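Here's the structure, in structure tokens; my notes come after.
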Amino acid sequence: LIVDGAVIIVENCLRRFGEAQHRLGRLLTRDERFGLAENAAAEVVRPSMFGVAIIAIVYLPIFALEGVEGKTFHPMAFTVVLALTAAAILSLTLVPAAVATFVTGLVKEKENRVMRVAGERYRPLLDRALAARKTVVAGAAVLVVLTGLAATRLGSEFIPNLDEGDIAMHALRIPGTSLTQAVAMQSALERRIKQFPEVEQVFAKIGTADVATDAVPPSVADTFIIMKPRADWPNPRKPKAQLVAELDTAVQQVPGSRYEFIQPIQMRFNELIAGVRSDVAVRVYGDDLDELARLADEVTKVTAAVDGSEDAQAEQVTGLPFIQIVPNRVQLTQLGLNVADVQNVVATATGGQEAGQIFEGDRRFDIVVRLPENLRQDATVLQRLPIPLPNGAGTVPLSEVATIERTTGPNQISREDGKRRAVVTTNVRGRDLGSFIGELKAKIGSEVDMPPGYWIDYGGTFEQLQSATARLQIVVPLALLLIFGLLVMLFKSAKDAAIVFSGVPLALTGGVAALLLRGIPFSISAGVGFIALSGVAVLNGVVMLTFIQQLRAEGRRLDDAIREGALTRLRPVLMTALVASLGFVPMALNVGLGSEVQRPLATVVIGGIISSTLLTLVVLPALYRIVHGRRASDEQADGPLASQIST
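Okay, so the sequence shown: first residue is 1223 according to the numbering used here, each after it adds one.
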């Protein structure tokens, strides 16, 4: 992209040098070279600079992105715009001077073997395209429509998941599990995981730290599995998904827990964006906790049945063990007691009551009286708890004035926007996130009957995809409209601007086809690739159509101008296309860390440039012939061409 303007100027300078040397039959002097370089640069400065400006403009929508996608792609767009600006300045100043200074020898007019073969193949193809121009344009239109239909099968996701190498696993145990018991269960789990030869280290985090930035109960353990380098694996080619499946099978043999697998950074990424650690969250809203738990269980069953769903589970909103004490108000009245008397005694026995203070030097500590921990959790001990009668009449056991029983109650009560809610989470593997959400919504809508006052919404990274897509749907058309305005300024004709602008949908066909061939879903990364592709696609048309108009302004017949313009500009069109596409090849083939984000962008640009170049060389001349055919006939009848286009 950076050298496209320089390529166009250098190619035109060399062509003019070769023509002048052939005409004069000698090498050019220094002054002649500088004069020709100045004239050659002036011939293409408008299309070159307009092309660079168009490429820069297409990056403006990227600056409208916010949040994670904005922080990801703003640096790239900012760098490209600055680089294009600097390249445009150098193309106008340094490049022509450098060509005139250093190209002092004989410039051969004869094409090299590659361009000669390309020209020989292109000439008959161009003649056939002009002869069957309506068929060619209609075929291109059909191809664009078919590509649009094929694009609906791409699927979608926010940003491709990075392979971090390591694995994060949540161990979810029964609510109320003590810290001692949780540590013992976690130790057994880690011993089982360490038996895998691919694992280098395992550690976990249980409970809440002193600085409670990540508060979780003792029943939840965040387990981090650090992997060895792949070269040290028994089978370095083993897919990570297969290893995760083997780990899942192994840990299921350790009883007492439910497990959820993800990656460490991805876990935090999801948690910061959507408030949950999984890829997808289904939030059920309502008032009654029991009804929320029932609906969450139904949603969990439906979610687990969707293809691609892994680790589907409902948030543990119930199941916390309680000792429930229900006062017998009739008995209390007969004994002259009230509920507060019973509550005070129970609160003192279980929670404690301050009985005094103790001093140790200049430090002061409260003295709290309560039952030992092992007795506080024993219902039979609480039944014998003495309740004082009024006026010092003695005591009665708690069992005489209240019913004591073990039960389960709410584990947590979560609220969002002022309403209680339960969350069902799941991870998505083996398919794109967009199609998964679509199928999940359809199944829940048809299989889960929501009572009045209860409703569902969906959370996860796809929300960012939706918001970014909605924003781009506004900004991208504005950028394309601005590009069309620049083309009108360049060609002084809305028809010619529309002809060049047709390169955008032609380029999109190749981008979509490349994604389909590589099995890559649409993402914000691919969307940025389509944005960048729009500018490159227009540049090819600008280069060719500008020269055709120059020939028409010199009085050439329409068909001759189209043929000569297309054949003459074949070399710069192919050069700019090859330079732009080859620059993205390393990104498209990269398999290193972070390549998952680069790959869709590069794939779209390479595929789009290939299709845009091939279709521009064929469709654009045919479309130009159709649009200007009637006008050319009128001009040939009236006299020489009168319209002039300054370049």
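Think of the CB as a built atom: it goes at the ideal place given N, C-alpha and C, for glycine as much as any other residue.
Nothing here was measured: the structure is a model prediction, and the numbers come from that model.
Exclusion of the five residues before and after residue 1736 leaves 1825, 1826, 1828 and 1829 as the residues of its chain whose Cβ lies within less than 7 Å of its Cβ. Taking residue 1543 as reference, the option from 1779, 1653, 1344 and 1634 with the minimal CA-CA separation is 1634. For residue 1833, the secondary structure class from DSSP, reduced to helix, strand or coil, is helix. Of the residues assessed, residue 1368 falls on the exposed side of the cut-off, its CB having fewer than 16 other CB atoms within 10 angstroms. The segment 1284-1295 makes contact with the segment 1744-1753; the number of CB pairs closer than 8 Å reaches 3 or more. Only residues of its own chain outside the window of five on either side were considered, and among them 1318 have a CB closer than 7 Å to the CB of residue 1260, listed in chain order. Secondary structure in the segment 1399-1468: the beta strand (DSSP E) runs of 3 residues or longer, each lying completely within the stretch, are 1421-1428 and 1442-1449 in chain order. Closest by C-alpha distance to residue 1823, out of 1845, 1746, 1738 and 1482, is 1746. Under DSSP, residue 1542 shares a beta bridge with 1631.
Fully contained in the segment 1594-1671 are the following beta strand (DSSP E) runs of length 3 or more, in chain order: 1608-1610, 1617-1619, 1624-1632, 1636-1638 and 1641-1650. Residue 1791 sits in coil when the DSSP states are folded into three classes, being neither helix nor strand. By the C-beta criterion, the segment 1360-1367 is judged not to be in contact with the segment 1502-1518, since fewer than 3 inter-stretch pairs fall below 8 Å. Looking at 1292, 1258, 1755 and 1618, the one whose alpha-carbon comes closest to that of residue 1279 is 1755.
Relative to the Cα of residue 1288, the nearest Cα in the group 1264, 1694 and 1658 belongs to 1694. Secondary-structure assignment with DSSP links residue 1393 through a beta bridge to 1443 and 1481. Between residue 1653 and residue 1265, the alpha-carbon positions lie close to 52 Å from each other. Taken through DSSP and simplified to helix, strand or coil, residue 1582 comes out as strand. The C-beta distance from residue 1790 to residue 1769 rounds to 6 Å, short enough to fall under 8 Å.
By the neighbour-count criterion, in which 16 or more other beta carbons inside 10 Å mark a residue as buried, residue 1315 falls on the exposed side. In this structure residue 1573 touches residue 1592 by the C-beta definition: roughly 7 Å separates them, less than 8 Å. Distances from the CA of residue 1744 to each of 1327, 1383, 1322 and 1235 were compared; the closest alpha carbon is that of 1383. Separation of the CB atoms of residue 1272 and residue 1708 is rounded to 6 Å, and the pair is thereby assigned contact status at 8 Å. Taken in chain order, the whole alpha helix (DSSP H) runs of length 4 or more contained in the segment 1706-1754 are 1716-1723 and 1725-1740. Using a Cβ-Cβ distance cut-off of 8 Å, the segment 1617-1624 and the segment 1472-1490 are not in contact, since fewer than three pairs of beta carbons, one from each stretch, lie closer than that value.
Rounded to whole angstroms, the separation of the alpha carbons of residue 1301 and residue 1243 is 41 Å.
Below 8 Å, too few C-beta pairs join the segment 1367-1381 and the segment 1406-1415 to call them touching: fewer than three. The beta carbon of residue 1379 lies closer than 8 Å to those of 1654, 1655, 1656, 1683, 1684, 1687, 1743, 1744 and 1745 in the same chain, with the five residues before and after it left out. Membership of residue 1500 in any beta strand (DSSP E) is not indicated, and neither H nor E is assigned to it by DSSP.
8 Å or more divides the Cβ of residue 1803 from the Cβ of residue 1729. In the DSSP assignment, residue 1680 falls within the unbroken beta strand (DSSP E) covering 1677-1682. The DSSP-derived three-state label of residue 1257 is helix.
Here residue 1226 is buried, its C-beta having at least 16 other C-beta atoms within 10 Å. Judged by pairs of C-beta atoms under 8 Å, the segment 1690-1704 does not touch the segment 1387-1400, as fewer than three such pairs exist.
The C-alpha of residue 1691 lies about 20 Å from the C-alpha of residue 1661. The beta carbons of residue 1427 and residue 1524 sit no closer together than 8 Å. Between residue 1518 and residue 1503, the CB-CB gap reaches or exceeds 8 Å.
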